[in-house]
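First the structure, in the form of structure tokens, and then the observations on it.
Residue numbers (UniProt numbering): 1 to 1018.
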């Protein structure tokens, strides 16, 4: 039995007093102090881990001001605060002890826009892509780009002065911030904008914090002007943090405190709102993908691209390319980056031209292509081929692959993983190729593998050496390499932190700036935050305060992970290998990952959150000397004993009385998962939450009782066939209000579906396949088998949507084949979802044995429901291994695509299109499914259009559980509801049973499976 885990770190009484006082003062946001909530905020996209004392989620600037005002109360002057945005920082910028103030949950409103003047005003929690989606109809966009744009907040971008692709033309975030509303400790609100120095001098005479800030900044920037200009590098990525170089304009007539705050990493003030300039979207875009025989060739050829007046030049090496090939993302770009016959592509430059003058852009592209043809004919420059992409959607797909490169590197094989710590060095572009030769020699000297990609036009290189942070020796090597790269970069006139901020690397600041200029930074810090209470340990400490900087070799995730035995870490890979890249925080409601995160805005309910909690749960088990692998082996094979039931009852009763067990917090996070499995393909690390969720639930319920709904869900394949013998009787009771009320109160289930009436057996009465046995199939002639299709039943369509199965039989026969409905054999998916893994293994083995016998007859096996069919391929393989056999059950579209391969597309018929709403499990596991359906419809002269939506919110039985009802309806409203309301219901289609049942439940009338539309067309 799994033990109770009660060693959660205690809470600081003063912090709790602060939170209580905050609520009494009228704070409208959320606060969180549970161990789980704090753990989620203890990591970001870096290798570090720091546990905060509490987390605060303000709803408005007024809430932020309230936090800052109360913090100045003498009772709380020992508390520290760390602002946080999207948590995508790679150097621990937002990690700290004390209180984290997270702007991302609620402060995500776009406040105002003035297209004529070219600006937009936003709150700090607005996500970069969210803003660009808003701006697109106006013909504008916010131009600073970064790879994490679908989850990075603008407050975070401002705090790290983020930039990326296209920065040579568009610049950094700070180049586009017109003004900020920043809250100082004490509650004073500082509105920054570019102002005449004369106005700044007047402000400097005012009493209070703001007046002091203007006095100090004016005085120091004037006195040290020559030192500042001399020391700040002449680079596109000039610096991050306290940009003294650009606070005063070159003619010394204007001052803008915005430049001090951009890149300050939350060490000076809370950024609450920002006014940003916006850029017209270029009307013409062209991308040339240039392929090379080596990465060095790609780098050395890049300066010519910059001279060709390209908007940007992005590069990736062969390691990144090969990881992309193994990921779902390659499906979207494979036609745009094709291989060269008999030549290996070891480097890729992506060169973009953009603007409004089509003839100019076309001439620039033509000139580049002619130059490439010359290089290829002369066999110079390492160019082995190129491809032109002038389709905006194609260009975005290619950049999507490039953006995913960060996460893809984390999916490298083995214990050593490419990690960020020297990943954003910046040198003058003309020095980049030579610099990288030395950089590679440095890493090769340590026998390390690594991936490289970056913005060669700006001289920025992303390098991630592969190290095992669970190995103390390699952790020490990481610090050694940091020191060596600092020296190397300085030798080439560059920066260690060209893009991603300093964070824990601030320990190198004194050496870089020199004593004089570093002390000027400390004076600035002292003017804003004299007691060092805002994100202490980053950038610098205030002058007069000797608090140390956080170090590169500070506590890391690996420090904790190494406490878990190696065999456990290996066996629980899904939870252990999350690298924190945060793609699961994607704001886009049309993205399938992760619906529970989207509806709750709680990062605990994300793949990263669940992986983080599971890692800690495994560590706490190891701390108690408990091996979960041994526990799994010791599980009783036949039910539980009376003694075991009594013990679980006692434990559950004690839990209800408030006895702490960290396992409960993990369980709460797991219960919110829809088991849609989008994470298992969409996440670059392939974090399969449903996989380790089931294992956790199995062990958790060795200690605590299961709810009745778990048994109801897990046994559906046992009772559904029995109930189907008298569907009208059972449906009568299921419709009764008192039964619905009883179901909701006592078994936590709502809106239970009605059984099919007439049943499948009744609808197929007299059909030749009814009652067919395996022996009957074996006696069929080879000719009969060649024209036969075996329909594999599942419990949901066969017993709750029998008309669909009957329609499939009819479609098969209209196409000239013989349909044979196989006897029902339980699939077990529901058992897996609820963590009944022993029962699932038995179910899977029995059904696998049956399907393997059938498969020997060489007739296609076809199932209707994607979730159940894909379970045969995924969960069966996980639980059975080699015992699964080699049977293959196809989905309807897979069989049709093959069966109709010789049928040419027909001219599109008059009339409206059909509209396909994708099933999240299917479209993520089989990204080509939508195209295949479109091709199938085209072969019948019909148009099928894909409707881009996220999850429907049902996901099997998730939406039927009362505790999930509100979230289930909310998820549906995010994307499905609006899309369906704009389209004719009778033309809308979906392959998923759960999707169709959700629509029927909410809209009152359902939608059909695509096969039913084909039947109508025929």
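In this text, a Cβ means the ideal position worked out from N, Cα and C, and glycines have one as well.
The model shown is predicted, which means the values in this text are computed figures rather than measured ones.
* To do: Output the distance between the C-alpha atoms of residue 215 and residue 231, rounded to the nearest integer angstrom.
  => When rounded, the distance between both Cα atoms is 23 Å.
* Measure from the alpha carbon of residue 517 to the alpha carbon of each residue in 333, 458, 221 and 666, then state which is nearest. => Of the listed residues, the one whose Cα sits closest to residue 517 is 221.
* So is residue 214 in contact with chain B if we call contact Cβ pairs under 8 Å? -> No chain B is present in this structure, which holds just one protein chain.
* Does the Cβ of residue 711 have 16 or more other Cβ atoms within 10 Å, making it buried, or fewer, making it exposed? -> With fewer than 16 Cβ atoms within 10 Å of its Cβ, residue 711 is classed as exposed.
* Looking only at its own chain, which residues have a Cβ that is under 6 Å from the Cβ of residue 58, when we skip the five neighbours before and after it? -> Here the set comprises 29 and 64.
* To do: Evaluate contact between the segment 636–647 and the segment 576–589, counting only Cβ atoms and requiring at least three cross-stretch pairs below 8 Å.
  => Too few Cβ pairs lie closer than 8 Å, so no.
* To do: Check whether the Cβ atoms of residue 88 and residue 43 sit closer than 8 Å, and answer yes or no.
  => Using a Cβ distance threshold of 8 Å, residue 88 and residue 43 do not count as a contacting pair.
* To do: Out of 568, 806 and 422, state which residue places its alpha-carbon closest to the alpha-carbon of residue 766.
  => Measuring from the Cα of residue 766, the nearest candidate turns out to be 806.
* To do: Using the Cα positions of residue 548 and residue 831, report the straight-line distance between them to the nearest angstrom.
  => Rounded to the nearest angstrom, the two C-alpha atoms are 53 Å apart.
* To do: Mind checking who residue 466 pairs with in its DSSP beta bridge?
  => In DSSP, residue 466 forms a bridge with 418.
* Hey, could you find the ends of the beta strand (DSSP E) residue 314 is sitting in? => DSSP places residue 314 inside the beta strand (DSSP E), whose first and last residues are 312–317.
* residue 897: buried (16+ other C-beta within 10 angstroms of its C-beta) or exposed? -> Label assigned to residue 897: buried.
* To do: May I have the straight-line CA-CA distance separating residue 85 from residue 436, to the nearest angstrom?
  => The straight-line gap separating the alpha-carbon atoms of residue 85 and residue 436 is approximately 32 Å.
* What residues in its chain sit with their C-beta under 8 Å from that of residue 967, if we drop five residues either side in the sequence? -> Sequence-distant partners of residue 967 (beyond 5 residues in either direction) whose C-beta falls short of 8 Å from its own C-beta, in its chain, are 596, 599, 600, 672 and 953.
* Asked: When we look at the beta-carbon of residue 340 and count the other beta-carbons within 10 Å, is it buried (16 or more) or exposed?
  -> With fewer than 16 other Cβ atoms within 10 Å, it is exposed.
* Residue burial classification, residue 738 (beta-carbon count within 10 angstroms, cutoff 16) -> Residue 738 should be labelled exposed.
* Taking buried to mean at least 16 other C-beta atoms within 10 Å of its own C-beta, is residue 727 buried or exposed? -> With 16 or more other Cβ atoms inside 10 Å of its own Cβ, residue 727 counts as buried.
* How long is the line joining the alpha carbons of residue 394 and residue 336, rounded to whole angstroms? -> Just so you know, the alpha carbons of residue 394 and residue 336 end up roughly 7 Å apart.
* Give me the Cα-Cα distance between residue 846 and residue 793, rounded to the nearest whole angstrom. => So the two alpha carbons sit approximately 15 Å from each other.
* May I ask you to report which of helix, strand or coil DSSP gives residue 341? => It is coil, neither helix nor strand.
* Give every residue of the same chain whose Cβ lies closer than 8 Å to the Cβ of residue 731, excluding the five residues on either side of it in the sequence, and list them in chain order. => Cβ neighbours of residue 731 beyond the five flanking positions: 754, 755 and 757.
* Sufficient close CB pairs (3 or more, under 8 Å) joining the segment 321–337 to the segment 242–250 -> When Cβ pairs closer than 8 Å are counted between the two stretches, the segment 321–337 is seen not to touch the segment 242–250, the count staying below three.
* Which of helix, strand or coil does DSSP assign to residue 736? -> Here residue 736 carries a coil assignment [DSSP, helix/strand/coil].
* For residue 166, does the three-state DSSP call read helix, strand or coil? -> Three-state result, residue 166: coil.
* Using the Cα positions of residue 10 and residue 571, report the straight-line distance between them to the nearest angstrom. => C-alpha separation (whole angstroms): 31 Å.
* Taking three-plus beta-carbon pairs below 8 Å as touching, is the segment 831–842 in contact with the segment 697–710? -> When Cβ pairs closer than 8 Å are counted between the two stretches, the segment 831–842 is seen to touch the segment 697–710, the count reaching three or more.
* Reference residue 480; option with closest CA among 457, 1013, 490 and 443 -> Looking at the Cα atoms, 443 is the closest of the given residues.
* **Own chain residues within Cβ distance below 8 Å of residue 854, not counting five before or after** => Closer than 8 Å at the Cβ level, and outside the excluded window around residue 854, lie 774, 777, 790, 822, 861 and 887.
* Asked: Do you know offhand how far residue 476's Cα is from residue 82's?
  -> Residue 476 and residue 82 have their C-alpha atoms roughly 27 Å apart.
* Asked: Where does residue 662 sit, in a helix, a strand or coil, going by DSSP?
  -> Of the three classes helix, strand and coil, the one that applies to residue 662 here is helix, per DSSP.
* Asked: Among the residues of its own chain, which have a CB less than 6 Å from the CB of residue 869, if the five just before and after it don't count?
  -> Only 863, 889 and 891 meet the Cβ criterion.
* In angstroms with no decimal places, state the Cα-to-Cα distance between residue 1000 and residue 1006. => Put simply, the backbone Cα of residue 1000 is about 4 Å away from that of residue 1006.
* Asked: beta strand (DSSP E) containing residue 1021: first to last residue?
  -> Summary: the structure shown does not reach residue 1021, with the chain confined to residues 1 through 1018, and so no result is reported for it.
* To do: State the start and end residues of the unbroken alpha helix (DSSP H) segment that holds residue 981.
  => Its alpha helix (DSSP H) spans residues 965–981.
* Close-in-space but distant-in-sequence residues of the same chain around residue 492 (CB under 6 Å, 5 per side omitted) -> The answer, listed in chain order, is 427, 431 and 435.
* the segment 262–271 / the segment 524–532 touching (three or more Cβ pairs under 8 Å) -> At 8 Å Cβ cutoff, the stretches touch.
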